[in-house]
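J.: There's a structure below that I have some questions on.
Residue numbers (our numbering): 4 to 158.
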């Protein structure tokens with residue numbers, strides 16, 4: 004049974020979605036019930052465009068050379084869903100008792116396609132609740148990496 008609500012925890016309003024449902028499994032030698040917990044991750048999605056470390060930021064009208072630029076699925080909710088969905092995943096193991104359901108909107112441009120392709124390949128997040136916005140670019144975040152791994156974000 005699914006339950007959606009808002010509860011007050013120490014003065015904070017928390018939205019929750021509980022869709023845990025028992026799934027019957029019947030191995031040859033015994034019968035047992037396993038509960039699969041399904042968690043919905045709602046929020047915004049970004050593609051992170053991240054530089055390799057640089058020693059300093061350029062001044063206006065200056066260039067700064069970096070050794071590489073990488074593109075990753077990003078945004079807090081996407082990162083949380085990917086990490087939660089990967090829990091309990093062992094090589095060759097089918098013993099997963101949780102599902103991460105991503106509930107976001109992505110753009111229909113090349114960055115949105117890259118993001119969805121990466122998440123599909125990982126096979127750790129359910130994507131049936133992802134909406135694709137037609138003729139809308141994917142939200143991006145420029146991640147500038149500085150000395151000692153410190154980061155600056157441009158959205």
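Just so it is clear, CB atoms sit at the ideal spot from N, CA and C, and this is done for glycine as well.
Cutting at 7 Å between CB atoms, please list the residues of its own chain near residue 29, excluding the five before and the five after it.
T.: Residue placement at residue 29 cannot be trusted, given a pLDDT of 48 that sits under 50; what the coordinates show is reported in the next sentence. Contacts found: none.
J.: Is the CB of residue 39 under 7 Å away from at least one CB in chain B?
T.: Among the chains in the structure shown there is no chain B, since it carries only a single protein chain.
J.: Nearest to residue 75 by alpha carbon, out of 152, 138, 51?
T.: The shortest C-alpha separation from residue 75 is found at 51.
J.: Counting pairs of Cβ atoms below 8 Å between the region 105-115 and the region 144-151, do you hit three or more?
T.: As far as the Cβ criterion goes, the region 105-115 does not touch the region 144-151, which means the pair count is below three.
J.: Would you list the residues sitting across from residue 147 in a DSSP beta bridge?
T.: Answer is 155.
J.: Would you give the residue range spanned by the beta strand (DSSP E) that residue 160 belongs to?
T.: Beyond the ends of the chain as shown, which are 4 and 158, falls residue 160; an answer cannot be given.
J.: I'd like to know whether the C-beta atoms of residue 100 and residue 39 end up nearer to each other than 7 Å.
T.: Against a cut-off of 7 Å, the Cβ pair of residue 39 and residue 100 comes out as a contact.
J.: Using DSSP with H/G/I as helix, E/B as strand and the rest coil, what is residue 184?
T.: Residue 184 cannot be examined here, being either before or after the span of the chain that is shown, 4 to 158.
J.: Hey, how far is the Cα of residue 142 from the Cα of residue 49?
T.: Looking at the two C-alpha atoms, the distance is approximately 5 Å.
J.: Taking the C-alpha atoms as reference points, what is the distance between residue 88 and residue 64?
T.: Computed Cα separation, rounded: 43 Å.
J.: How would you write the range of the alpha helix (DSSP H) that residue 86 sits in, first residue to last?
T.: Run containing residue 86: 79-89, per the alpha helix (DSSP H) assignment.
J.: Report, in whole angstroms, the separation of the C-beta atoms of residue 130 and residue 105, which I expect to be a contact under 8 Å.
T.: About 6 Å separates the two Cβ atoms, so the contact holds.
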